[in-house]
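**Student:** Take 127 as the starting number for the sequence shown in my numbering and just add one per residue.
Just so you know, even glycine gets a beta-carbon here, dropped at the ideal spot from N, CA and C.
Predicted model, so just to flag it, every value in this text is computed and none were measured.
Sending over a structure as structure tokens; questions will come in a sec.
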Amino acid sequence: MVAISKHLLSPAALPTAPDQLSVLSYNVLLPNSRDGWWNYKMYDPTSYSSTDIDRISTWDYRRNLLKDRIELINPDVVCMQEVSPDSFEEDFAFMKEVLGFDGVEMFKRGRFRPATFWKKSKCDLVSTMHKDRTLLTAFHLDLPSEHAHSNKVWHVLNCHLQAGPQGPRRVRQIDEGVSASFKLAKRLKEEEPRDPLLIVCGDFNGGDECGAVRYLENGGIGPSFIEDGAPVASREKPCPMSQPLTDVSTFTSRPAPPTLVVAELISQMVKDESSAYEEPELSEDCIDRLTRCFYNYATQIESFGALMNIEDTKKWLIDINKEVGRGSEYRSAAREMGWSEPEQDGNENIPKEKPRITLPKDGLLTLNGFLNVYQAELKGGKFWGIAYDLSVMGETLPSKGLFSARFDRMYCTTKLRPTAVLDTEADKACPNQLEPSDHLPVGATFSIA
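Here it is, written out as structure tokens:
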């Protein structure tokens, strides 16, 4: 691949021109202003004091970092992932009021939603389509009148593919999104519907080995491709585009940096022979640390050993979650202490409110129950949450460096050529004082090839 003329490294602005489109993709990390109280747990406790973490993990602090980053890059279109519908208008009002993005489309379903912003002075919206965790927007560029006759439709597919061992669903999601672009091009009677001006970007929740990535780069995928021990498709699934899509990083002269940079925790938490994502088991070191933590809280001594009573349990929950009544640790502990969902009475056809989980008044938490709470956290992939809890309980894990992966990507069809690519690098675990998310943004400017 021939290197492009501009390969930029943040902090930098994306260049653009009237007949070009600059696009930024950014997973902004779900904890926005209302949803996501646990955000402080994602900051590396070996790098910051609890006071510093409380300050830099607030939405106000993170929002200012986001605003300044996007303002500097100054793209025409911004594709965000992990926005919260509960506070979307308030949280991202700065996009319109300060940065001038007066067009917006947010995905219609889910707690973690993609949202696409654009500047109406540059982009005239043609159509939108919502699929499973993908959001397609199509635009005409606001070109000078002498070029209006050649104004084509630009397609931007904003993706936030399913996380975890969900290879088949990720493949289905990206196939539906790309197929939506093909179908829209046909409906709009574009000259070459299998070759639209399509940009695909977002959080793929997988690297080069991911089936969704291979689908785009190979032009399709089939049942012979195995991910997480299972085929990603039951039949051959060809991409509807005439040729495979191209990763914009291949137009540059050096490898793309990772976009997910976090503390290395899996090697310390997961038992050697178990899988980190399928059936993980707590490591012996982690069990030893949690056992010491348990005995620091347990004040009820019986002939058969120590137990955590309700007051001990509340003290532990306040230490890790800052209040009683929230968090998966609270719900798991309540069940381990004997809480169970009350039996339904009356007419089963009448919808009933979900019962509130409470700590049983006379419930006791055993060492095995305490370990079960954190085994459930491990199975849920909450490595960062366990690391934070251990730290506030006096068992801070030693730093083992960074885990990095390239989950965030940007692709284009053969009808487009990147004239500039913007990368962002980090040498510390994210989020941090300078980075508001655990993901780093990717951006590019495109011309018609």
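(1) For a quick check, are the C-beta atoms of E343 and P370 less than 8 Å apart?
(2) Quick check: T540 and A575, are their CB atoms within less than 8 Å of each other?
(3) Classify M434 as helix, strand or coil using the three-state DSSP reduction.
(4) Anyone know if the C-beta pair for S159 and E216 falls short of 8 Å?
(5) Going by Cα to Cα distance, which pick from K167, C538, Q146 is closest to S517?
(6) Taking 8 Å as the threshold (C-beta atoms), are I325 and F572 in contact?
(7) Strictly by DSSP, which residues pair up with Q426?
(8) Do D180 and S213 have their CB atoms nearer than 8 Å?
(9) For P562 and R188, which I take to be in contact (beta-carbon distance under 8 Å), what is that distance rounded to the nearest angstrom?
(10) By DSSP's criteria, L386 is part of a beta bridge. Which residues make up the other side?
(11) Among residues of its own chain, excluding the 5 on either side of S360, which ones have a beta-carbon nearer than 7 Å to its beta-carbon?
(12) What separation, rounded to the nearest whole angstrom, lies between the Cα atoms of T378 and A289?
(13) How should A356 be labelled, buried or exposed, when 16 other C-beta atoms within 10 angstroms of its C-beta is the threshold for buried?
(14) By alpha-carbon positions, which one of R482, F218, T177, K234 ends up nearest to D228?
(15) Whole angstroms are fine: how far does the CA of G332 sit from the CA of P294?
(16) Given S466, which residues of its chain have a CB within under 6 Å of its CB, disregarding the five upstream and five downstream residues?
(17) For P294, which of helix, strand or coil comes out of DSSP?
(18) Could you give the uninterrupted runs of the alpha helix (DSSP H) lying entirely in the stretch 255–336, keeping only those of 4 residues or more?
(19) C365 by DSSP, collapsed to three states: which one?
(20) I need the DSSP call for Q207, collapsed to helix, strand or coil.
(21) Compare the beta carbon distance of A459 and T439 with 8 Å and say whether it is the shorter of the two.
(22) To which residues of the same chain is G453 closer than 6 Å at the C-beta, ignoring the five residues directly before and after it?
(23) List the DSSP bridge partners of C538.
(24) Measure the Cβ-Cβ separation of G511 and E503 and say whether it is below 8 Å.
(25) Return the chain-ordered list of same chain residues with a C-beta closer than 7 Å to the C-beta of E316, the five sequence neighbours on each side being excluded.
(26) For F243, which residues does DSSP report across the bridge?
(27) Taking C-beta to C-beta, are Y77 and V297 nearer than 8 Å?
(28) Which parts of the stretch 439–522 are runs of the alpha helix (DSSP H), unbroken and 4 residues or longer, counting only runs that do not cross its ends?
(29) Quick one, which of D488, E455, S368 has its alpha-carbon nearest C538's?
(30) Going along the chain, which residues of its own chain have a beta-carbon closer than 7 Å to the beta-carbon of A139, five neighbours each way excluded?
(31) Quick check on E455: buried or exposed, where buried means 16 or more other Cβ atoms within 10 Å of its Cβ?
**Tutor:** Working from what's here:
(1) yes
(2) yes
(3) strand
(4) yes
(5) K167
(6) It is a contact, given that the beta carbons lie within the stated cut-off.
(7) According to DSSP, which records beta bridges pairwise, Q426 is partnered with L433.
(8) no
(9) With a beta-carbon spacing of about 4 Å, P562 and R188 fall inside the 8 Å limit used to define contacts.
(10) A531, H565
(11) P349
(12) 28 Å
(13) exposed
(14) F218
(15) 12 Å
(16) none
(17) helix
(18) 293–313
(19) coil
(20) strand
(21) yes
(22) Result list for G453: N447, in chain order.
(23) I325, T372
(24) yes
(25) V279, P322
(26) V204, V230
(27) Shown here, the chain extends from 127 to 575; a query on residue 77 therefore has no answer.
(28) 454–462, 493–505, 509–518
(29) S368
(30) L198, I199, N200
(31) buried
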